[in-house]
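First to last, the protein sequences are chains A and B.
Per this note's numbering, residue 3 is the first one in the first sequence, and the count goes up by one each step.
Per this note's numbering, residue 858 is the first one in the second sequence, and the count goes up by one each step.
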Amino acid sequence: MTARTLYDKIWDDHVVHQAEDGTCLLYIDRHLVHEVTSPQAFEGLRMTGRKVRAPEKTIAVPDHNVPTTLDRAKGIENEESRIQVDALDKNARDFGVHYYPVSDVRQGIVHIVGPEQGWTLPGMTVVCGDSHTATHGAFGSLAHGIGTSEVEHVLATQTLIQQKSKNMKVEITGKLPHGVTAKDITMTVIGKTGTAGGTGYVIEYCGEAIRDLSMEGRMTVCNMAIEGGARAGLIAPDEKTFEYCMGRPHAPKGAQWEAALAYWKTLFSDEDAHFDKVITIRAEDIAPAVTWGTSPEDVLPITATVPAPTDFKGGKVEAVQRALDYMGLTPGMKLTDIEIDTVFIGSCTNGRIEDLRAAAAILKGKKIKDGMRAMIVPGSGLVRAQAEEEGLADIFKEAGFEWRLAGCSMCLAMNPDQLSEGERCAATSNRNFEGRQGYKGRTHLVSPAMAAAAAVTGKLTDVREMM
Amino acid sequence: MEKFDKLSGIAAPMPLVNIDTDMIIPKVFLKTIKRSGLGANLFDEMRFDRKGNEIADFVLNKPAYREAQILVAGDNFGCGSSREHAPWALADFGIKAIVSTSFADIFFNNCFKNGILPIVLPQEAVDVLMQDAEKGANARMDVDLEAQTVTTSDGEVFHFEVDSFKKHCLMNGLDDIGLTMEKAASIDSYEAKAATSRPWV
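Structure follows, in structure tokens:
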């Protein structure tokens, strides 16, 4: 048998039908659903009299629109947001899918709830009408975002019409230096490949630095595979993966666990497997990373200075000029001289317990700068509960952070958590696009530790100096 | 879905690279539970000021391009979020084809579900088409999906590649779900097999 990559193996095990031109019908093991990209899909089912083919494999949770303030039980003020969340509630009940409503302690960001509840397991195909579905690739599952028409297709047929992508390997060799995290890895990779570098590929991340990451860290790395343009990011499952999955509410038990484990252990790229593109980065060359522009590829080590448009070529020259104008930055200024008004820690990229621990380690016994607006939004109700149990919440509150309820919040500002015009934010989320966190808001993407450091000093800061 | 065959229309130049889906349709317009009506807010933050007045130098506000049906865009068009609201907004505005050197994966697939043809061409070809688009309303660009060609107003022809299945669906306005449901027996037998080989799923 020819050597296969991890992606090849998962793909092969999910082909329902292959047409002569290579177009495949791929079976979908888990379909995650949130309120923003699903109402039109459910409406489509109603109009055509179709059912959800596999409600037991479909999991719905509201996250984008939900308020994260402590008084959210009183309901959603914005009418359109409320209608969308109510529509999900009705659709989930009408079609009989698994559902975690806002009032459930397990509610949270769909990409944090899925793994937490054991819905996401190695070797699965996982889709959601959300580009950050890539997160679930950390388990060695083939996971990617889809549009609403495809959401309807999966609801109706539990399959997706797909063309196979090419294989890319991103290897991070050696050990990460002190103060450098999963977020810095994934941002550095995008800085190297560009936001279109992964287009047409599924990336498998490997190497010692990836192996050394916790499951939380691996989810952070895969989460931003989409920012590199890839269809999906993957990490081969290992003992850490199995340990994470064991005992989760929807993970297999007993004999089924043993059978699953035996299968999961076959999920790795064969030694001679062919990759169409290989990128190797030495972990020791990675520093705490920060974005300066309005694309996730506009990334530099915190020790660098703001670049000039003339440092670039082609269409990027105009884009950089536009980005610098938008961000209010001057070429040559040190990144560590950029003053910050707001700090946002949370999102499907960095809203897990390990992220909160990293922030707490910096914030312990410190106060945020006067006038700083700082909030921590845990990725799920269970992450929030665990952080309270570990005493992290007290550290955040004493430092001056707002300690919120779970949701997507200021990552994309569909709920009331938004930046105002010109406000500058150090954010642990995944996109620094124009207007992403609020009209004319300015976003610098960083790791949780870097965000915490910026909250204390009021400027983008090399967190290694505070460790 | 509307069929796509041939198109002769005005092409608007948008040379900016990495035009993302937040630019195409900002998140405030994602709160709808409908697919229609989003064209009014296409490129909202680039097209209108905070008071809702048109920004005169934005390409689609210029008299020459108000009726544009084609966009010629910089690299990596449609990157970012999976929101299908982006092609819904483009289609509702009247855009039927987009030319670029590359498209983000999810956006690319979403276009085909909404009667929009995304055309990938090499940089040199996009440069020529961009110049042609700069000519304004008198220059009509022709797109022929059957022949897989784009023709400039000067008659220069560029051939493009397109996946045969996607082409077939777009030309015939086919509904994917209906096509897949014809394969229900294959799905049934896959599920039966998986129930034995991966029962924990």
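Beta carbons are placed, not taken as given, at the ideal position from N, Cα and C, and that holds for glycine.
message = Quick check on A:Phe-141 - is its C-beta less than 8 Å from some C-beta in chain B?
response = no
task = Could you check what DSSP says for A:Thr-60 in three-state terms: helix, strand or coil?
result = strand
task = Hey, could you find the ends of the alpha helix (DSSP H) A:Pro-450 is sitting in?
result = 450-459
task = Can you give me the start and stop residues for the beta strand (DSSP E) that B:Ile-867 sits inside?
result = 863-871
task = Could you check what DSSP says for A:Arg-359 in three-state terms: helix, strand or coil?
result = helix
query = Quick one: does B:Asn-918 have its CB under 8 Å from some CB of chain A?
reply = no
ask   = In chain order, which continuous runs of the alpha helix (DSSP H) of length 4 or greater are located wholly inside the region 247-324 of chain A?
value = 256-266
task = Would you list, in sequence order, the uninterrupted beta strand (DSSP E) runs of no fewer than 3 residues that lie entirely inside the region 378-436 of chain A?
result = The region 378-436 of chain A contains these whole beta strand (DSSP E) runs: 426-429.
task = Please report the residue range of the alpha helix (DSSP H) in which A:Ile-192 lies.
result = If you look at A:Ile-192, you'll find it in the alpha helix (DSSP H) that goes 184-195.
ask   = Should the region 238-246 of chain A be called in touch with the region 209-218 of chain A, which here means at least 3 C-beta pairs below 8 Å?
value = yes
ask   = So the beta strand (DSSP E) B:Asp-999 belongs to, where does it begin and stop?
value = Per DSSP, B:Asp-999 is one residue of the beta strand (DSSP E) stretching across 997-1001.
query = Of the residues that make up the region 858-880 of chain B, which ones have a beta carbon closer than 8 Å to any beta carbon in chain A?
reply = Result list: Pro-872, Leu-873, Val-874, Asn-875, Asp-877, Asp-879 and Met-880.
query = Using 8 Å as the threshold, is the region 252-272 of chain A in touch with the region 153-161 of chain A, meaning 3 or more CB pairs across them?
reply = Taking 8 Å as the limit for Cβ pairs, the verdict is that the region 153-161 of chain A does not touch the region 252-272 of chain A.
DSSP-derived helix/strand/coil call for A:His-19 = strand
ask   = Is the region 231-238 of chain A close to the region 989-996 of chain B, with three or more CB pairs under 8 Å?
value = no
ask   = Is the shortest distance between the beta-carbon of B:Leu-1027 and the beta-carbons of chain A less than 8 Å?
value = no
query = Thinking just about the alpha-carbon of each residue, which of A:Gly-131, A:Ser-40 and A:Thr-135 is nearest to the one in A:Asn-225?
reply = Restricting attention to A:Gly-131, A:Ser-40 and A:Thr-135, the CA atom closest to the CA of A:Asn-225 is found in A:Thr-135.
request  = Tell me whether the beta-carbon of B:Leu-1031 lies closer than 8 Å to the beta-carbon of B:Ala-954.
outcome  = no
request  = On a CA-only basis, which of A:Lys-461, A:Pro-450 and A:Gly-176 is nearest A:Ile-378? Give me that one, please.
outcome  = Comparing Cα positions, the closest option is A:Pro-450.
task = Starting from B:Thr-878, trace the beta strand (DSSP E) both ways and give me its first and last residue.
result = That residue, B:Thr-878, is in no beta strand (DSSP E); its alpha helix (DSSP H) goes 878-881.
inquiry  = Using a 10 Å radius around the Cβ and a threshold of 16 neighbouring Cβ atoms, would you call B:Ile-912 buried or exposed?
reply    = exposed
ask   = What are the boundary residues of the alpha helix (DSSP H) that A:Lys-171 is part of?
value = A:Lys-171 -> not in any alpha helix (DSSP H); beta strand (DSSP E) instead, spanning 168-175.
ask   = With a cut-off of 8 Å, do at least 3 Cβ pairs link the region 401-413 of chain A to the region 68-80 of chain A?
value = yes
Neighbour-count burial assignment, A:His-33, 16 or more Cβ in a 10 Å radius = buried
key: C-beta contact flag for B:Phe-915 and B:Asp-901 at 8 Å   = no
task = Could you tell me how far apart the beta carbons of A:Glu-423 and A:Thr-296 are, in whole angstroms, since I believe they sit closer than 8 Å?
result = With a Cβ gap of about 15 Å, A:Glu-423 and A:Thr-296 do not count as contacting.
Chain B within 8 Å of A:Ala-89, Cβ atoms only = yes
ask   = Anyone know if the C-beta pair for A:Ala-429 and A:His-446 falls short of 8 Å?
value = yes
query = Can A:Leu-421 and A:Cys-413 be called in contact, C-beta distance under 8 Å?
reply = no
query = Can you find at least 3 beta carbon pairs, one from the region 368-388 of chain A and one from the region 342-350 of chain A, that sit closer than 8 Å?
reply = yes
key: Identity of the residues DSSP links to A:Cys-130 by a beta bridge   = A:Leu-34 and A:Gly-147
Contacting residues, own chain, Cβ-Cβ under 7 Å from A:His-252 (five flanking each side not counted) = Gln-119, Gly-120 and Trp-121
message = Under 8 Å, CB to CB, which of the residues in the region 901-926 of chain B have a partner in chain A?
response = Glu-902 and Arg-907
ask   = From this set, A:Ser-151, A:Ile-111 and A:Gly-142, which residue's C-alpha is nearest A:Pro-124's C-alpha?
value = A:Gly-142
ask   = Going straight from the alpha carbon of B:Met-858 to that of B:Leu-1027, what length do you get?
value = 8 Å
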